[in-house]
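> Under the working numbering, the first residue of the sequence shown carries the number 174, and numbering increases by one thereafter.
Cβ coordinates follow ideal geometry from the N, Cα and C atoms, glycine included.
Keep in mind that this is a model prediction, so the values were computed, not measured.
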Amino acid sequence: PFDVLVVGGGPAGAAAAIYAARKGIRTGVVAERFGGQVLDTMSIENYISVQHTEGPAFAAALEAHVRDYDVDIMNVQRAEELIPGKQIQLKLANGATLKTKSLILATGARWRELGVPGEAEYRNKGVAYCPHCDGPLYKGKDVAVIGGGNSGVEAAIDLAGIVNHVTLLEFGDALRADDVLQRKLTSLPNVTVIKMAQTTEVIGDGSKVTALRYTDRNTDESHEIALDGIFVQIGLVPNNEWLGDVVKRTKYGEIEIDERGQTSVPGVFAAGDATTVPYKQIIIAAGQGATAALSAFDYLIRTSVE
Ligand code: FAD
174 PFDVLVVGGG PAGAAAAIYA ARKGIRTGVV AERFGGQVLD TMSIENYISV QHTEGPAFAA
234 ALEAHVRDYD VDIMNVQRAE ELIPGKQIQL KLANGATLKT KSLILATGAR WRELGVPGEA
294 EYRNKGVAYC PHCDGPLYKG KDVAVIGGGN SGVEAAIDLA GIVNHVTLLE FGDALRADDV
354 LQRKLTSLPN VTVIKMAQTT EVIGDGSKVT ALRYTDRNTD ESHEIALDGI FVQIGLVPNN
414 EWLGDVVKRT KYGEIEIDER GQTSVPGVFA AGDATTVPYK QIIIAAGQGA TAALSAFDYL
474 IRTSVE
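Written as structure tokens, this is what we have:
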């Protein structure tokens with residue numbers, strides 16, 4: 174069996190694998206897509222000590238760093254079932270079952286998409302999902318935020334300090350964010366809120382976003398707003414559906430962990446965007462991966478598992 178088996182090959186999983194392997198214990202990584210969300214990222218400018226890099230280059234560096242160590246990398250493999258026990262079992266989609274003394278879940282998350290024409294075409298060319306990441310690219314420009322929940326309203330407040338103007342579009346007849354956030358939002362001079370707005374199309378000039386089309390759900394009229402960027406904030410979904418009820422999760426599907434990365438199941442730890450950690454960022458996921466691996470090592474030296 175493995176001493177530490179990591180599920181996920183993003184920043185959290187890569188950090189966990191390196192920290193585990195450096196203890197000289199048998200370490201494996203199962204990843205559907207090594208690199209994770211970073212593969213879909215254009216430029217990264219907030220990983221401290223790296224002033225600027227591109228997502229695919231960062232992902233390749235993650236993998237190269239893991240390959241420096243004696244880690245069994247099982248890429249393009251999906252985990253489908255976790256069976257807890259003295260020896261933990263992980264069933265893969267290819268039919269194999271892996272056994273391990275401890276497990277680290279680092280399966281990450283995905284942004285919920287609008288699913289309208291133009292969204293995929295202009296992804297990273299005006300369509301963005303992460304205000305902490307891409308906000309500074311829109312300095313002095315006009316942007317929209319789609320979604321009036323906490324993350325949408327937080328994004329609008331954040332962006333209002335950077336960009337020229339923010340239009341926030343909410344599908345329903347009221348914002349769903351906390352009152353204190355809504356009060357802050359309405360106090361800002363450069364934010365317009367449009368309710369009952371269904372986004373129907375992302376419009377561009379072939380190389381970048383130029384406008385957004387929405388339908389006013391009260392009147393059924395279609396409107397167009399000229400802008401440079403669209404931040405989609407309609408939810409971040411953790412890739413944890415396959416876990417079912419085996420590991421305790423929140424109503425949003427996030428794995429509940431303590432400050433050591435311990436889950437509700439002994440020997441099972443978790444890190445990164447798949448968990449309850451506040452703020453989903455590369456540097457945070459990597460730090461959490463390190464924490465989870467050190468906790469797994471601590472667990473191994475305190476338990477006598479054959
Ligand atoms: P992920 O990166 O999501 O990796 C999850 C891993 O688990 C993947 O390898 C995946 O294939 C694998 N996996 C999932 N399910 C299974 C399964 N069942 N079996 C096996 N493997 C599985 N953050 C920043 O700090 N700076 C930025 O500039 C930045 N820009 C971003 C831009 C975009 C477009 C996006 C989408 C995100 C951006 N982020 C940025 C956020 C950042 O990418 C994430 O916070 C970070 O990647 C989370 O790392 P993670 O390891 O927890 O998860």
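Which of the three DSSP states is assigned to Gly-186 in this structure?
The residue labelled residue 186 in the question sits at position 13 within the sequence shown. DSSP places Gly-186 in helix when its eight states are reduced to three.
> Compute the beta-carbon to beta-carbon distance between Tyr-295 and Val-375, rounded to the nearest angstrom, for a pair I have assumed lies under 8 Å.
Here residue 295 refers to the residue found at position 122 of the sequence shown. Here residue 375 refers to the residue found at position 202 of the sequence shown. So it is a contact: roughly 5 Å between Cβ atoms.
> I want to check one thing, is the minimum distance from the CB of Lys-298 to the heavy atoms of the ligand FAD below 7 Å?
As a working mapping, residue 298 is identified with position 125 in the sequence shown. Every heavy atom of the ligand FAD is 7 Å or more from the Cβ of Lys-298, so no.
> Going by the C-beta, is Ile-217 closer than 7 Å to any heavy atom of the ligand FAD?
For the purposes of this step, residue 217 is identified with residue 44 of the sequence shown, where counting begins at 1. Ile-217: yes, Cβ under 7 Å from the ligand FAD.
> Cα separation between Thr-476 and Ile-198?
The residue labelled residue 476 in the question sits at position 303 within the sequence shown. The residue labelled residue 198 in the question sits at position 25 within the sequence shown. Cα to Cα, Thr-476 sits roughly 15 Å from Ile-198.
> Just list the residues that DSSP pairs Gln-371 with in beta bridges.
Translated into the one-based positions of the sequence shown, residue 371 becomes position 198. DSSP, once it has assigned bridges, lists Thr-388 as partnering Gln-371.
> Where do the ends of the alpha helix (DSSP H) carrying Gln-262 lie?
The residue given as residue 262 occupies position 89 in the sequence shown. That residue, Gln-262, is in no alpha helix (DSSP H); its beta strand (DSSP E) goes 261-265.
> Using the C-alpha atoms, what's the distance from Gly-345 back to Ile-407?
Counting from one through the sequence shown, the residue named residue 407 turns up at place 234. Counting from one through the sequence shown, the residue named residue 345 turns up at place 172. Each residue's alpha carbon lies about 12 Å from the other.
> Could you check if Gln-262 belongs to the surroundings of the ligand FAD, using beta carbon to heavy atom distance under 7 Å?
In the sequence shown, residue 262 corresponds to position 89, counting from 1. Result no, Cβ not under 7 Å from the ligand FAD.
> Indicate, with yes or no, if the ligand FAD has a heavy atom lying under 7 Å from the CB of Gly-209.
For this step, residue 209 is matched to residue 36 along the sequence shown. Yes, Cβ of Gly-209 sits closer than 7 Å to a heavy atom of the ligand FAD.
> Cβ of Pro-451 within 7 Å of any heavy atom in the ligand FAD?
Taking the first residue of the sequence shown as position 1, residue 451 is located at position 278. For the ligand FAD, not one heavy atom lies less than 7 Å from the Cβ of Pro-451.
> Determine the DSSP secondary structure at Gly-208, reduced to helix, strand or coil.
Walking along the sequence shown from the start, residue 208 turns up at place 35. In this structure, Gly-208 counts as coil in the three-state DSSP scheme.
> Pick from Gln-260, Glu-254, Ala-279 and Ala-194: whose alpha carbon is nearest that of Ala-269?
As a first step, residue 269 must be located in the sequence shown, where it is residue number 96. Comparing Cα-Cα distances from Ala-269 to each of Gln-260, Glu-254, Ala-279 and Ala-194, the minimum goes to Glu-254.
> Enumerate, from N- to C-terminal direction, the unbroken beta strand (DSSP E) stretches of 3 or more residues contained entirely within the region 415-450.
441-443
> Out of curiosity, what's the CA-to-CA distance linking Ala-384 and Arg-356?
Translated into positions along the sequence shown, residue 384 becomes position 211. Translated into positions along the sequence shown, residue 356 becomes position 183. Ala-384 and Arg-356: Cα-Cα distance of roughly 28 Å.
> Return the chain-ordered list of same chain residues with a C-beta closer than 8 Å to the C-beta of Val-353, the five sequence neighbours on each side being excluded.
In the sequence shown, the residue the question calls residue 353 occupies position 180. Answer for Val-353: no residue qualifies.
> With which residues is Ser-216 paired in a DSSP beta bridge?
The residue you call residue 216 lines up with position 43 of the sequence shown. Answer is Glu-227, bridged to Ser-216.
> Say whether the region 363-371 touches the region 422-436, bearing in mind that this needs 3 or more beta-carbon pairs closer than 8 Å, one atom from each stretch.
no
> Could you tell me the distance, in whole angstroms, from the CA atom of Gly-299 to the CA atom of Leu-287?
Position 126 of the sequence shown holds residue 299. Position 114 of the sequence shown holds residue 287. Looking at the two C-alpha atoms, the distance is approximately 14 Å.
> With distances taken between CB atoms, is the gap from Tyr-220 to Ala-463 smaller than 8 Å?
Residue 220 sits at position 47 when you count from the first residue of the sequence shown. Residue 463 sits at position 290 when you count from the first residue of the sequence shown. No, the pair does not count as a contact, with Cβ atoms beyond the cut-off.
> On the criterion of 16 or more Cβ atoms from any shown chain inside 10 Å, does Ser-380 qualify as buried, or is it exposed?
On the sequence shown, position 207 is the one that residue 380 refers to. Exposed.
> Give a single yes or no on whether Asp-352 has its beta carbon closer than 7 Å to a heavy atom of the ligand FAD.
Position 179 of the sequence shown, counted from the start, is the residue given in the question as residue 352. Because no heavy atom of the ligand FAD lies under 7 Å away, the Cβ of Asp-352 does not count as near it: no.
> Looking at Ala-447 and Pro-411, is the spacing between their C-beta atoms short of 8 Å?
The count along the sequence shown starts at 1 and reaches residue 411 at position 238. The count along the sequence shown starts at 1 and reaches residue 447 at position 274. In this structure, Pro-411 places its C-beta atom within 8 Å of the C-beta atom of Ala-447.
> First and last residue of the beta strand (DSSP E) that includes Phe-470?
Residue 470 sits at position 297 when you count from the first residue of the sequence shown. It is not in any beta strand (DSSP E) - Phe-470 instead sits in the alpha helix (DSSP H) that spans 455-475.
> Who are the near neighbours of Glu-218 in its chain, counting only those whose CB is closer than 6 Å to its CB and skipping five residues on each side?
Taking the first residue of the sequence shown as position 1, residue 218 is located at position 45. Around Glu-218: His-225.
> Say yes only if the C-beta of Ala-463 is nearer than 7 Å to one or more non-hydrogen atoms of the ligand FAD, and no if none qualify.
Counted from its first residue, the sequence shown places residue 463 at position 290. No, Cβ of Ala-463 sits at least 7 Å from all heavy atoms of the ligand FAD.
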